[in-house]
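Visitor: Shown below is the structure under consideration.
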Amino acid sequence: MAGCCAALAAFLFEYDTPRIVLIRSRKVGLMNRAVQLLILAYVIGWVFVWEKGYQETDSVVSSVTTKAKGVTVTNTSKLGFRIWDVADYVIPPQEENSLFIMTNMIFTVNQTQGLCPEIPDKKTVCKSDADCAAGSAGTQSSGVATGRCVLFNETVKTCEVAAWCPVEDDAQVPKPAFLKAAENFTLLVKNNIWYPKFNFSKRNILPNITTAHLKSCIYDAATDPFCPIFRLGKIVEDAGHSFQDMAVEGGIMGIQIKWDCNLDRAASLCLPKYSFRRLDTRDVDHNVSPGYNFRFAKYYHDPTGTEHRTLTKAYGIRFDIIVFGKAGKFDIIPTMINIGSGLALLGVTPGSAGRARTE
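At position 331 of the sequence shown (counting the first as 1) the number is 312 in my numbering, and the numbers step up by one without a gap.
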């Protein structure tokens, strides 16, 4: 029992420290101070100055709305003279954080449900009914095969299908793009951000932008970097691509908005920074299924009640608005944690605590 009490007393009332030896050496001393200086430089320069280790941080919460503007005109044998405005080329009218602008298209007009020959290719060209399997409907087929081999034109026969006739022929994409004038259309991006930890909110239409200025400004990184209206051709150009080339088969562009805000400074200094890049990979050597396209149809009935449709294969550029960033503000807790970490690092080096001299 006495032994246990003595051990407990020793544990509670004794204190030990390591013995430090003083080494008189210029080389070792300089090395020691150099390590201490490196640690101080890391803590002060990197942790506090560069990484702002004295701040609490928060990630951005964002909402985006877009509005396109622009009018152009086309005159073709298939459609005649036609005016194109926003309601015609923005499909659908609203998307979440993105906008699709139709720049090129293939029309198949006055389709009705019936029987008609397929477009000639390796799988559809035939010589007799034996070459056509009745009831088949492949993923590349325009309809359901009837099993008959019929004339496509005076010299070629193809398998007949039950489908919307005439079937679409998309072998040749129009060049130049049907709506090549879309290069000069504009896009207004309205972005509202919020940092919930600090209850701080702002939008990219800055307080100094008046209604008159908003109606006339166009974004330019050098002359007007905070105008939220972008010319479509300039977006693609700033990403290092040609709008006219991209408009033919379509693609996906990213409009990046970066919000990095130091809330220890004035709120007016929290400003958006725009950048642009193409998001779909454009590999010249392996250019299979390039661009961006989809189909949609407009339906109507003739006076006899027969249903017709105009099928459109739409090529275009989808603009994705990507918002990211963080905000920081002074907070005592991360400050003390980083100071403590710095002192702990200094404590690892010899000579930073008390010393006992040994001769």
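C-beta atoms are modelled at their ideal positions from N, C-alpha and C, and glycine is treated no differently.
Run the CB neighbour count on Tyr23, radius 10 Å, all protein chains shown included, and call it buried at 16 or more, exposed below.
Guide: Classification for Tyr23: exposed.
Visitor: Within a Cβ cutoff of 7 Å, which residues of the same chain sit near Lys310, ignoring the five residues on either side of it in sequence?
Guide: Answer for Lys310: Gln36, Glu37, Phe179, Leu244 and Asp245, listed in chain order.
Visitor: Reducing DSSP to helix, strand and coil, say where Leu132 ends up.
Guide: Correct three-state label for Leu132: strand.
Visitor: Relative to the alpha-carbon of Thr47, which residue among Arg0, Glu32, Val71 and Thr55 has its alpha-carbon at the smallest distance?
Guide: Of the candidates Arg0, Glu32, Val71 and Thr55, the one whose C-alpha sits nearest the C-alpha of Thr47 is Val71.
Visitor: Find the nearest neighbour of Thr291 within the set Lys239, Lys59 and Ile100, judged by alpha-carbon distance.
Guide: Looking at the Cα atoms, Lys59 is the closest of the given residues.
Visitor: If you run the structure through DSSP and keep just helix, strand and coil, what is Arg263?
Guide: Of the three classes helix, strand and coil, the one that applies to Arg263 here is coil, per DSSP.
Visitor: Taking only three categories from DSSP, how would you classify Ser223?
Guide: In this structure, Ser223 counts as coil in the three-state DSSP scheme.
Visitor: According to DSSP, what are the bridge partners of Trp65?
Guide: Trp65 is bridged to Thr53.
Visitor: Could you tell me which residues DSSP pairs with Tyr176 in its beta bridges?
Guide: Per DSSP, Phe181.
Visitor: Using only the alpha-carbon positions, how far apart do Asp226 and Asn78 sit?
Guide: So the two alpha carbons sit approximately 24 Å from each other.
Visitor: Of the residues Asp312, Asn172, Pro177 and Tyr176, which one's Cα is nearest the Cα of Ile186?
Guide: Nearest of Asp312, Asn172, Pro177 and Tyr176 to Ile186, Cα basis: Asn172.
Visitor: Examine the Cβ distances between the stretch 50 to 65 and the stretch 192 to 204 and report whether three or more of them are shorter than 8 Å.
Guide: Touching, no.
Visitor: Report, in whole angstroms, the separation of the C-beta atoms of Phe224 and Glu218, which I expect to be a contact under 8 Å.
Guide: Sure, about 7 Å apart at Cβ, within 8 Å.
Visitor: Please classify Leu18: does DSSP put it in a helix, a strand, or coil?
Guide: Three-state result, Leu18: helix.
Visitor: Give a yes or no on whether the C-beta atoms belonging to Gly343 and Ala144 are separated by under 7 Å.
Guide: As shown, the chain starts at -18 and ends at 340. That puts residue 343 outside it, with no answer to give.
Visitor: If you draw a straight line from the alpha carbon of Pro155 to that of Val229, how long is it in whole angstroms?
Guide: About 7 Å.
Visitor: Just confirm the distance between the C-beta atoms of Phe257 and Ala220, as a whole number of angstroms; I'd bet it's less than 8 Å.
Guide: At roughly 4 Å, the Cβ-Cβ gap stays under 8 Å, so Phe257 and Ala220 are in contact.
Visitor: DSSP on Cys113, reduced to helix/strand/coil?
Guide: Note: Cys113 maps to coil in three-state DSSP.
Visitor: Starting from Leu160, trace the beta strand (DSSP E) both ways and give me its first and last residue.
Guide: Taken as a continuous stretch (DSSP letters only), Leu160 belongs to no beta strand (DSSP E), as it is neither H nor E.
Visitor: Would you call the stretch 277 to 284 and the stretch 120 to 139 in contact, with 3 or more CB pairs under 8 Å?
Guide: Judged by Cβ distances under 8 Å, the stretch 277 to 284 makes no contact with the stretch 120 to 139, as fewer than three pairs qualify.
Visitor: Closest by CA to Thr139, which one among Ser122, Ile20, Cys208 and Asn274?
Guide: Checked all of Ser122, Ile20, Cys208 and Asn274; the closest Cα to Thr139 is Ser122.
Visitor: Expressed to the nearest angstrom, what Euclidean distance is found between the alpha-carbon atoms of Ala202 and Cys208?
Guide: Their Cα atoms are separated by approximately 9 Å.
Visitor: Rounded to the nearest angstrom, what separates Cys251 and Trp175 at their Cα positions?
Guide: If you take the alpha carbons of Cys251 and Trp175, they lie about 12 Å apart.
Visitor: Examine the Cβ distances between the stretch 86 to 97 and the stretch 292 to 304 and report whether three or more of them are shorter than 8 Å.
Guide: They touch, by the three-pair rule.
Visitor: By the three-class DSSP mapping on this structure, what secondary structure does Gly26 have?
Guide: Helix at Gly26.
Visitor: Could you give the DSSP three-state label for Asn319: helix, strand or coil?
Guide: DSSP places Asn319 in helix when its eight states are reduced to three.
Visitor: Would you decide whether Val304 is buried or exposed? Buried here means 16 or more other CB atoms lie within 10 Å of its CB.
Guide: Val304 is buried by the Cβ-count criterion.
Visitor: State yes or no: is the C-beta of Asn319 within less than 7 Å of the C-beta of Gly26?
Guide: It is not a contact, given that the beta carbons lie outside the stated cut-off.
Visitor: What is the DSSP secondary structure of Thr350, reduced to helix, strand or coil?
Guide: An answer regarding residue 350 cannot be provided, because it is not within the stretch -18 to 340 covered by the chain.
Visitor: Is the CB of Lys254 under 7 Å away from at least one CB in chain C?
Guide: Going by chain labels, chain C is absent from the structure shown, which holds only one protein chain.
Visitor: My assumption, with CB atoms under 8 Å, is that Val142 sits in contact with Cys97. Please give the rounded CB distance.
Guide: About 7 Å separates the two Cβ atoms, so the contact holds.
Visitor: Taking its Cβ as the centre, do 16 or more other Cβ atoms sit within 10 Å of Lys183, making it buried, or is it exposed?
Guide: It counts as buried.
Visitor: Look at Asp110 and Arg129 and say whether their C-beta atoms are less than 7 Å apart.
Guide: In this structure, Arg129 lies closer than 7 Å to Asp110 by Cβ.
Visitor: If we ignore side chains and look at the alpha-carbon of each, how far apart do Thr373 and Trp240 end up?
Guide: Residue 373 lies beyond the residue range present for the chain, which begins at -18 and ends at 340; the question has no answer from this structure.
Visitor: Could you round the C-beta distance between Ile236 and Val148 to whole angstroms and report it? I think they count as a contact, below 8 Å.
Guide: Wrong, their Cβ atoms sit about 38 Å apart, outside the cutoff.
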